[in-house]
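Each step along the sequence shown adds one to the number in this note's numbering, with nothing skipped, and position 112 is 183.
Where is the CB? At the ideal position from N, CA and C, for every residue including glycine.
Only a predicted model underlies this, so the values are computations on that prediction, with no experimental measurement involved.
Before any comments, here is the structure.
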Amino acid sequence: MALVNERARILANAKVGPNLYLMELASPRIAAAIEPGQFVHMKVPNMEAHILRRPFSVYARDAAAGTLEILYQAVGFGTDHMTRIEPERAEHLSGAELIGPVGRAWQPPADARRALLVGGGVGAAPLFMLCEQLVGAGVRTDVVLGAQTEAALACRARYEALLDEPSRCATDDGSFGREGFCTSLVEEALVEAAAAGEPYDYLAVCGPEPLMKIVAGMAAEVGVPCEVSMEKRMACGIGACLSCVVDTVDGKKRACVDGPVFDARKVVW
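Structure representation (structure tokens):
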């Protein structure tokens, strides 16, 4: 589908964790077309002095209702401003202008039978629609989540409502699940699956770049196809400005249109 420029009414905007917020938007045309892993480029309301849009991965969508959900972290001026947008004032603010759906979606193998999804921090959100897709297709799907604290595992409940098995979790402070990084849980999952004679044939990871690099290396060692979703600063969001370049074995690629999802074997870390 061609890119759509759609004015989306803000339906909800609530804090769901430490500096984590969930925004729901009415965006019927984009909600009908977006695929797991794609994103929207948002012109944030009442930020006329800041002309650049902000890219946000889509956490969830309801095509029938025409809605999108975005999980975002307040880290700078733009996202801090977003936390103060009140839904009841959304129409007065003329909503948020979105360009989408943008980018390359997750592309699991058509014959995948078992998948492992790894989400670090807010990186859990861009994987959720993929999880829905895989579960809906009958693919046995396991999830590993990592965050700084239990409160920061904002996506955990929604994943566990979808999965047969609880997600494996790790927190930096040990407040939930294993203490430390979630990479040890990924290694265990890969070993256990192989030992049981049911190895993974697809792995997807999104989160901090060091996490993705480590998990991509683990996948390569055991021969499991792996995709990563690369986060880069973007200006135009449509492939024109070259501000979001990712180094790959095939040369420099644009995260906005050649990605954000890449074959992990092709990324030059």
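In this structure, does DSSP put V293 in helix, strand or coil?
The residue labelled residue 293 in the question sits at position 222 within the sequence shown. Helix, per DSSP.
Per-residue burial, F148 [other beta carbons within 10 Å of its own, 16 or more giving buried]
On the sequence shown, residue 148 is found 77 positions in, with the first residue counted as 1. Exposed.
Among I81, A176 and F247, nearest to P197 - alpha-carbon criterion:
On the sequence shown, position 126 is the one that residue 197 refers to. That would be A176, whose Cα lies nearest to the Cα of P197.
Is it true that the CB of C297 sits closer than 8 Å to the CB of L274?
Mapped onto the sequence shown, residue 274 falls at position 203. Mapped onto the sequence shown, residue 297 falls at position 226. Yes, the Cβ-Cβ distance between L274 and C297 is below 8 Å.
Thinking C-alpha only, which one of C327, V328, P331 and T319 is nearest K337?
Here residue 337 corresponds to residue number 266 of the sequence shown, with the count starting at 1. Of the candidates C327, V328, P331 and T319, the one whose C-alpha sits nearest the C-alpha of K337 is T319.
With 16 other Cβ atoms within 10 Å as the buried cut-off, status of N76
The residue labelled residue 76 in the question sits at position 5 within the sequence shown. Exposed, because fewer than 16 other Cβ atoms sit within 10 Å of the Cβ of N76.
Unbroken stretches of the alpha helix (DSSP H), 4 residues or longer, contained in the region 211-287:
227-233 and 254-266
Does the distance from the C-beta atom of R132 to that of I105 stay below 8 Å?
Position 61 of the sequence shown, counted from the first residue, corresponds to residue 132. Position 34 of the sequence shown, counted from the first residue, corresponds to residue 105. Contact flag set, yes.
Tell me which residues share the same chain as T154 and place their Cβ nearer than 6 Å to its Cβ, disregarding the 5 neighbours each side in the sequence.
Residue 154 sits at position 83 when you count from the first residue of the sequence shown. Excluding sequence neighbours, T154 sits near Y92 and A145.
Check for me: the alpha helix (DSSP H) holding R428 runs from which residue to which?
Nothing about residue 428 can be read from this structure; the chain reaches only from 72 to 340.
Would you mind working out which of A102, R100, T150 and S98 sits nearest H121, comparing C-alpha positions?
Walking along the sequence shown from the start, residue 121 turns up at place 50. Measuring from the Cα of H121, the nearest candidate turns out to be T150.
Where P270 and L261 are concerned, what is the direct C-alpha to C-alpha distance, given to the nearest angstrom?
Start at 1 with the first residue of the sequence shown, and residue 270 comes out as number 199. Start at 1 with the first residue of the sequence shown, and residue 261 comes out as number 190. Between P270 and L261, the C-alpha separation is close to 7 Å.
Can you give me the start and stop residues for the beta strand (DSSP E) that H112 sits inside?
To locate residue 112, count along the sequence shown from 1; it is residue 41. It spans F110 to K114 - the beta strand (DSSP E) in which H112 sits, taken as one unbroken run.
Can you round the beta-carbon distance between I141 and M200 to whole angstroms, since I take them to be within the 8 Å contact cut?
Numbered from its first residue, the sequence shown carries residue 141 at position 70. Numbered from its first residue, the sequence shown carries residue 200 at position 129. Their Cβ separation, rounded to whole angstroms, is 12 Å, which puts I141 and M200 out of contact at 8 Å.
A198, DSSP secondary structure in three states:
As a working mapping, residue 198 is identified with position 127 in the sequence shown. First, the amino acid is wrong: residue 198 is Leu here, not Ala. In the structure shown, L198 sits in a helix (DSSP, three-state: H, G or I).
Taking the alpha carbon of P237 as the point to measure from, which residue in L188, D182, F252 and P279 has its own alpha carbon closest?
Indexing the sequence shown from 1 puts residue 237 at position 166. Checking every option, the nearest Cα to that of P237 belongs to L188.
Cβ neighbour criterion (16 or more within 10 Å) applied to A195
As a first step, residue 195 must be located in the sequence shown, where it is residue number 124. So A195 counts as buried.
Which residues in the same chain as G245 place their Cβ atom closer than 8 Å to its Cβ, once the five residues preceding and following it in sequence are excluded?
Within the sequence shown, the letter at position 174 stands for residue 245. Only G251 meet the Cβ criterion.
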